[in-house]
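Peer 1: One structure follows; several queries about it will come next.
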Amino acid sequence: MDLFSKVSRTAGKHSLLEEEIRKLPVPVSSVFLGKDGKIRPADFRQTDMTLVCKGHDRISQVFPKTIAKGGSIVLEAVASEKAATVSGKRVAVLFSGGPAAGGHNVLAGLAAVLGKQNTLMGIRRGPGGLVKGDLFEIDAQSVNSLINLGGFDFLGTDRTKIKTAEQFEKVKKTVLDNKIDGLVIVGGDDSNTNAAFIAEYLAKENIDCSVIGIPKTIDGDMAAGRYLPISFGFDTATKIYSEMVGNLTQDAASAVKYYHLVKLMGRTASKITLEVALQTKPAITLISEEIAEKNMSLGQVVDYIARIITLRRLKGINHGVILVPEGLVEFIPEMARLIAELNKVLSEYEKDISDLPSVENKREFLLPHLTAPSAQLLASLPPDLQEMLILDRDDHGNVKVSQIETEKLLIEKIRYRLSEMKRHTENFFGKGEGKIEADPVQIEDFKKVVLSTQSHFMGYEGRSSKPTRFDAAFTFQLGLAAGSLVLSAKTGYMAAITDFHKGGRVLALPLTGLVTAEMRKGKEEFVIEKSLVDLSSPSFKLFVQNRDKWANEDCFSSPGAIQYWGPTSKQVPLIVALDQDYPDFACFDLGEDKQIAPQ
Ligand code: FBP
Numbered sequence: 119m120d121l122f123s124k125v126s127r128t129a130g131k132h133s134l135l136e137e138e139i140r141k142l143p144v145p146v147s148s149v150f151l152g153k154d155g156k157i158r159p160a161d162f163r164q165t166d167m168t169l170v171c172k173g174h175d176r177i178s179q180v181f182p183k184t185i186a187k188g189g190s191i192v193l194e195a196v197a198s199e200k201a202a203t204v205s206g207k208r209v210a211v212l213f214s215g216g217p218a219a220g221g222h223n224v225l226a227g228l229a230a231v232l233g234k235q236n237t238l239m240g241i242r243r244g245p246g247g248l249v250k251g252d253l254f255e256i257d258a259q260s261v262n263s264l265i266n267l268g269g270f271d272f273l274g275t276d277r278t279k280i281k282t283a284e285q286f287e288k289v290k291k292t293v294l295d296n297k298i299d300g301l302v303i304v305g306g307d308d309s310n311t312n313a314a315f316i317a318e319y320l321a322k323e324n325i326d327c328s329v330i331g332i333p334k335t336i337d338g339d340m341a342a343g344r345y346l347p348i349s350f351g352f353d354t355a356t357k358i359y360s361e362m363v364g365n366l367t368q369d370a371a372s373a374v375k376y377y378h379l380v381k382l383m384g385r386t387a388s389k390i391t392l393e394v395a396l397q398t399k400p401a402i403t404l405i406s407e408e409i410a411e412k413n414m415s416l417g418q419v420v421d422y423i424a425r426i427i428t429l430r431r432l433k434g435i436n437h438g439v440i441l442v443p444e445g446l447v448e449f450i451p452e453m454a455r456l457i458a459e460l461n462k463v464l465s466e467y468e469k470d471i472s473d474l475p476s477v478e479n480k481r482e483f484l485l486p487h488l489t490a491p492s493a494q495l496l497a498s499l500p501p502d503l504q505e506m507l508i509l510d511r512d513d514h515g516n517v518k519v520s521q522i523e524t525e526k527l528l529i530e531k532i533r534y535r536l537s538e539m540k541r542h543t544e545n546f547f548g549k550g551e552g553k554i555e556a557d558p559v560q561i562e563d564f565k566k567v568v569l570s571t572q573s574h575f576m577g578y579e580g581r582s583s584k585p586t587r588f589d590a591a592f593t594f595q596l597g598l599a600a601g602s603l604v605l606s607a608k609t610g611y612m613a614a615i616t617d618f619h620k621g622g623r624v625l626a627l628p629l630t631g632l633v634t635a636e637m638r639k640g641k642e643e644f645v646i647e648k649s650l651v652d653l654s655s656p657s658f659k660l661f662v663q664n665r666d667k668w669a670n671e672d673c674f675s676s677p678g679a680i681q682y683w684g685p686t687s688k689q690v691p692l693i694v695a696l697d698q699d700y701p702d703f704a705c706f707d708l709g710e711d712k713q714i715a716p717q
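The sequence shown begins at 119 in the working numbering and counts up by one.
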């Protein structure tokens, strides 16, 4: 075959790498293996671990049926021959929210554990498809052709929040019409909240249908400490971003003329940013949770960055990389107050505001309803940011932070701050608190240097990549676990894996143990609590111990591309290894001897 034909044949997910990756065997935990070495559903037994949420009494009133069934006890998978005898079950699966690498391996895990004696159904385009009843039967062959490949395109996804009585009625209709015995919801905190409510609703309606959640999100905030150190997709996304940021640190030090300001995805938690910082050691990294804790204003954040840029400039370093988490604006307390006030007014006057024709009209209506500092802050923001804060909310009431150009807002403000420093050197240089010590020659040099910046947003490119070996194995086990839970008629649980360094322990977490009360669109709602960067965690402490050094001199490291073969290919994320107290750079290794290709 000539090269022309060979290149043409790589269309449709058949690149040379995709062909090789598809062949990689997926490891299987021993709890899912029968004596014959074939995949078997596991059984789940009670452990002595419990997961009790804050405000348990109130949550019990919201989820009485689910809590009565399983309580707060965490279950653990054990090998069993019993569950393998279950047949004739119909299990439907959907993807919800943003894509994350490994989704197709969840499907492959489900298909493998359900076997030919049960049926796997796919729900098209997320919870919206569940409400509409848009289902199809998945054949094992099509799932196997997607194994180890990225994206959510096989099923599609959306962000529909199932909240109205009418939507719940429709879910019930879909379940009954399609004779569904189990519903597997692959999603983040909002989607697993959906799962918790659907489980409760179906139980109340006396419908025998298991509802099981699977923890997905690149953001890493669908996590539960030692029970579930991380969600799937985080490892792949952070490895992609770390490669790109590592390259930018190298570019900065080579071309010696740019500050690359990189906004990294993670709509709330800064876990992605922290992991990438630990992997690449850039000059400046902002962690939203710390900024909130220190109650820093936008001006103080800008001062912090401008100060490091200046100190580096005094040493002759006029380049570097700055990492900014996507969710930053919502963590700057004055911005958070503004957003909370806006949410309240927007929900109180929803009808009046939606009738107003332009953003300007809406802003004029809103301003008198805000406190003076919030009104002032809103008016001081660039018009496109004002518009996003006023108009754009997703179905769950969240501000669409990925569309806020924080990186550009910061660059504009840093530039202004540095120009002020040049104009009023006496206020910024000299002796005294907060001032920078520099001699007159250095100050003159500082005045001559111009800040050149490049802004980047790394987000979407990390969500749909081919999964790392870690995520490929993680998601396959999650699929096996979810399928096993359905076959053993459990409902209201989330499949989870912990202890990656010991080959993984497969758990089922009661969804109600993760729920908490939160303010959304100005109203109290019950939702699964996001897991944010813990400022007392070893990973954050390590970052704090080192950041001054990374600011003072170029110390960057460049971890390079994702490895699919070789000793580093199965490495777990650094923040997981550090925070779970693993003794070393751990790997999620299930043992070569247990590796078998999915059936
Ligand atoms: P999920 O929590 O649904 O996995 O989504 C995460 C995320 O990638 C965020 O990091 C980002 O803010 C958001 O999705 C962007 O969503 P959209 O696809 O609506 O632009």
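Ideal placement from N, C-alpha and C gives every residue a C-beta, glycine not left out.
(1) Straight-line CA distance for A679 to L379?
(2) By the three-class DSSP mapping on this structure, what secondary structure does Y359 have?
(3) What number of angstroms, rounded off, separates the C-alpha of A283 from the C-alpha of K712?
(4) What whole-angstrom Cβ distance do L527 and E444 have, given they're in contact under 8 Å?
(5) Say the cut is 6 Å; is the CB of R533 nearer than that to a heavy atom of the ligand FBP?
(6) Assuming K381 is part of the alpha helix (DSSP H), what are its boundary residues?
(7) With H, G and I counted as helix, E and B as strand and the rest as coil, what does DSSP make of Q689?
(8) By a C-beta neighbour count over all protein chains shown, 10 Å radius and 16 as the cutoff for buried, is K334 buried or exposed?
(9) Nearest to S73 by CA position, among G244, F706 and S676, is which residue?
(10) Any chance the CB of T335 is under 6 Å from a heavy atom of the ligand ZN?
(11) Measure from the alpha carbon of Y376 to the alpha carbon of each residue in A401, E361, R385 and S349, then state which is nearest.
(12) Verify the contact flag: M576, CB atom, against every heavy atom of the ligand FBP, threshold strictly below 6 Å.
(13) With three or more C-beta pairs closer than 8 Å as the rule, is the region 592–600 touching the region 365–374?
(14) H174 by DSSP, collapsed to three states: which one?
(15) Along the chain, where does the beta strand (DSSP E) containing Q574 start, and where does it finish?
(16) Of all the options T489, V293 and R208, which has the alpha carbon lying nearest to the alpha carbon of E255?
(17) Return yes when the C-beta of M383 is under 6 Å from any heavy atom of the ligand FBP, and no when it is not.
(18) Do you know how far the Cα of L267 is from the Cα of I139?
(19) Return yes when the Cβ of G438 is within less than 7 Å of the Cβ of S147, no when it is not.
(20) Let me check one thing: in DSSP terms, what residues is V196 bridge-paired to?
(21) Tell me the residue span of the beta strand (DSSP E) that contains G227.
(22) Should G268 be listed as close to the ligand FBP, given that the test is whether its C-beta is under 6 Å from any heavy atom?
(23) Is S406 helix, strand or coil by DSSP?
(24) Is the beta carbon of L629 closer than 7 Å to that of G610?
(25) Alpha carbon to alpha carbon, what distance is there between D271 and G300?
(26) Give the range of the beta strand (DSSP E) segment to which P628 is assigned.
(27) Whole angstroms is fine: what's the gap from V420's alpha carbon to R535's?
(28) Expressed to the nearest angstrom, what Euclidean distance is found between the alpha-carbon atoms of A226 and E523?
(29) Ends of the beta strand (DSSP E) at S190?
(30) Just to confirm, is the Cβ distance from E466 to S415 under 7 Å?
(31) Under the rule that 16 or more other beta-carbon atoms within 10 Å means buried, what is K279, buried or exposed?
(32) For the ligand FBP, is there any heavy atom lying closer than 6 Å to the beta carbon of G221?
(33) Within this structure, are the beta carbons of I157 and E393 separated by less than 7 Å?
(34) State the Cα-Cα distance for the pair T165 and T634, rounded to the nearest angstrom.
(35) Kindly list the residues whose CB is nearer than 6 Å to the CB of I191, restricted to its own chain and excluding five residues on each side of it in sequence; keep chain order.
(36) Determine the burial state of E318: buried for a count of at least 16 other Cβ atoms within 10 Å of its Cβ, exposed for fewer.
Peer 2: Working from what's here:
(1) 21 Å
(2) DSSP places Y359 in helix when its eight states are reduced to three.
(3) Those two C-alpha atoms are separated by around 47 Å.
(4) In this structure L527 does not touch E444 by the C-beta definition: roughly 12 Å separates them, more than the 8 Å allowed.
(5) no
(6) Segment Y377 to L382 is the beta strand (DSSP E) holding K381; no alpha helix (DSSP H) there.
(7) strand
(8) Residue environment for K334: buried (at least 16 other C-beta atoms within 10 angstroms of its C-beta).
(9) Nothing in the structure corresponds to residue 73, since the chain is present only between 119 and 717.
(10) No copy of the ligand ZN appears in this structure; the ligands present are the ligand FBP.
(11) A401
(12) no
(13) As far as the Cβ criterion goes, the region 365–374 does not touch the region 592–600, which means the pair count is below three.
(14) DSSP places H174 within a helical segment (H, G or I) once states are collapsed to three.
(15) Going by the sequence as given, residue 574 is His instead of Gln. Taken as a continuous stretch (DSSP letters only), the beta strand (DSSP E) holding H574 covers T571 to M576.
(16) R208
(17) M383 Cβ: within cutoff of the ligand FBP.
(18) 8 Å
(19) Taking 7 Å as the cut-off, the Cβ atoms of S147 and G438 do not count as close.
(20) D161
(21) Element bounds for G227: not the beta strand (DSSP E) but the alpha helix (DSSP H), G221 to L232.
(22) no
(23) helix
(24) yes
(25) 22 Å
(26) P628 -> beta strand (DSSP E) spans R623 to P628.
(27) If I take the Cα positions, the gap works out to 8 Å.
(28) 37 Å
(29) S190 -> no beta strand (DSSP E), and no H or E assigned at all.
(30) no
(31) Looking at its Cβ environment, which holds 16 or more other Cβ atoms inside 10 Å, K279 is buried.
(32) no
(33) Cβ distance not < 7 Å, so I157 and E393 don't count as in contact.
(34) So the two alpha carbons sit approximately 23 Å from each other.
(35) Q164 and T168
(36) buried
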